[in-house]
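**Q** Structure incoming, see below.
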Ligand SMILES: C[S@@+](CC[C@H](N)C(=O)[O-])C[C@H]1O[C@@H](n2cnc3c(N)ncnc32)[C@H](O)[C@@H]1O
């Protein structure tokens, strides 16, 4: 993950705050603000081993109860203030009951996780990022299912204004103070191959990030699965009839219906 120490960085949904602590402590980033969805009492009860005290001791502000789906939870001081916003391993909290599932509209988890990512990107470019700054948003996610079924690369809320720029490998070893946390419990998750996906201003040069392009955007590849290259039309048709492709196509239809019904801004 490329980070410039001088950038003004905001973290979103940083569970136990260990990622924010790591980019300060291990990487040396100087201008960090951190945020979590939980309230401070919920955070300290959920994660006994958290980095709140260390961040406060270094004058790093922690914004609690920042819900990326609810702009009224954003402090006005966060407006147009950052070069980069990072969400490590976004994941919706699990439903505690059937009533809660029903209250969220009974949407598929795949759709709700896409909404979380789409809203994160929307708010980055609409609210958090300084229009005169670097204008970058990073999402790190695992390259296995169910995460790989979210079609992250194609969740762009402003296709004419911002661009999916590509991805870089996320090497956890470079962040020794960071523990990837479970969304609901005090459990450290094992690290699997992960990618940091990057969005920025369309038509701006971000060469220093040294990004790799997703196969979904290469010629003769499937734009849903990234499979290919298909040298003959029949190979593409066989792929499109496969169970794996059909499953992604179903998720895509659910997401398009969700967008068409204006469930997102
Ligand atoms: C798998 S955990 C990862 C936690 C942390 N980012 C890490 O890397 O260890 C997913 C995180 O997403 C956060 N999250 C889920 N929904 C959110 C929302 N609507 N707004 C902000 N954060 C959210 C959860 O609170 C949780 O901390």
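Residue numbers (the working numbering): 158 to 422. Glycine is no exception: its CB is placed at the ideal position from the N, C-alpha and C atoms.
1. Could you tell me whether the Cβ atoms of residue 179 and residue 223 are closer together than 7 Å?
2. For a test of the three-state rule: what should DSSP assign to residue 356, helix, strand or coil?
3. Could you spell out where the beta strand (DSSP E) holding residue 326 opens and where it closes?
4. Kindly list the residues whose CB is nearer than 8 Å to the CB of residue 209, restricted to its own chain and excluding five residues on each side of it in sequence; keep chain order.
5. Might you give, ordered along the chain, the residues of its own chain that have their beta carbon closer than 7 Å to the beta carbon of residue 327, omitting 5 neighbours on each side?
6. What does the Cβ neighbour count give for residue 163, buried or exposed, with the cut at 16 atoms within 10 Å?
7. Taking 7 Å as the cut-off, decide whether the C-beta atoms of residue 378 and residue 386 are in contact.
8. Take residue 251 as the anchor and find which of 356, 269, 160 and 237 has the nearest alpha-carbon.
9. Suppose you measure from the CA of residue 366 to the CA of residue 291; what does that come to, to the nearest Å?
10. Are the beta-carbon atoms of residue 314 and residue 275 separated by less than 7 Å?
11. Since residue 103 contacts residue 405 with CB under 8 Å, what's their CB separation in whole angstroms?
12. Keeping to the same chain, check which residues put their C-beta closer than 6 Å to that of residue 361; ignore five residues upstream and five downstream.
13. Please report the straight-line C-alpha distance between residue 211 and residue 407, rounded to a whole angstrom.
14. Just the Cα atoms here: how many angstroms apart are residue 370 and residue 338?
15. For the beta strand (DSSP E) containing residue 268, name the first residue and the last one.
**A** So, to answer that:
1. Here residue 179 corresponds to residue number 22 of the chain shown, with the count starting at 1. Here residue 223 corresponds to residue number 66 of the chain shown, with the count starting at 1. Not in contact: residue 179 and residue 223 (Cβ atoms no closer than 7 Å).
2. Here residue 356 is taken as the residue at index 199 of the chain shown, counted from 1. Reduced to three states, the DSSP call for residue 356 is strand.
3. Stepping through the chain shown from its first residue, residue 326 is reached at position 169. Note, residue 326: beta strand (DSSP E), 319 to 326.
4. Within the chain shown, the letter at position 52 stands for residue 209. Taken in chain order, the residues that qualify are 174, 197, 200, 201 and 219.
5. Locating residue 327 in the chain shown gives position 170, counting from the first residue. Cβ within range, chain order: 158, 297, 351, 352 and 353.
6. Mapped onto the chain shown, residue 163 falls at position 6. By the 10 Å Cβ count, residue 163 comes out exposed.
7. Here residue 378 refers to the residue found at position 221 of the chain shown. Here residue 386 refers to the residue found at position 229 of the chain shown. Cβ distance < 7 Å, so residue 378 and residue 386 count as in contact.
8. Within the chain shown, numbered from 1, the residue matching residue 251 stands at position 94. Nearest of 356, 269, 160 and 237 to residue 251, Cα basis: 269.
9. Counting from one through the chain shown, the residue named residue 366 turns up at place 209. Counting from one through the chain shown, the residue named residue 291 turns up at place 134. Cα to Cα, residue 366 sits roughly 12 Å from residue 291.
10. To locate residue 314, count along the chain shown from 1; it is residue 157. To locate residue 275, count along the chain shown from 1; it is residue 118. Their beta carbons are under 7 Å apart, which means residue 314 touches residue 275 by this criterion.
11. The displayed coordinates of the chain run from 158 to 422. Any statement about residue 103 would go beyond what the structure contains.
12. The sequence position of residue 361 within the chain shown is 204, counting from 1. Cβ neighbours of residue 361 beyond the five flanking positions: none.
13. As a working mapping, residue 211 is identified with position 54 in the chain shown. As a working mapping, residue 407 is identified with position 250 in the chain shown. Residue 211 and residue 407: Cα-Cα distance of roughly 45 Å.
14. If you number the chain shown from 1, residue 370 lands on position 213. If you number the chain shown from 1, residue 338 lands on position 181. Approximately 28 Å, taken between the alpha carbons.
15. By 1-based counting over the chain shown, the position of residue 268 is 111. Not the beta strand (DSSP E): residue 268 falls in the alpha helix (DSSP H), residues 266 to 280.
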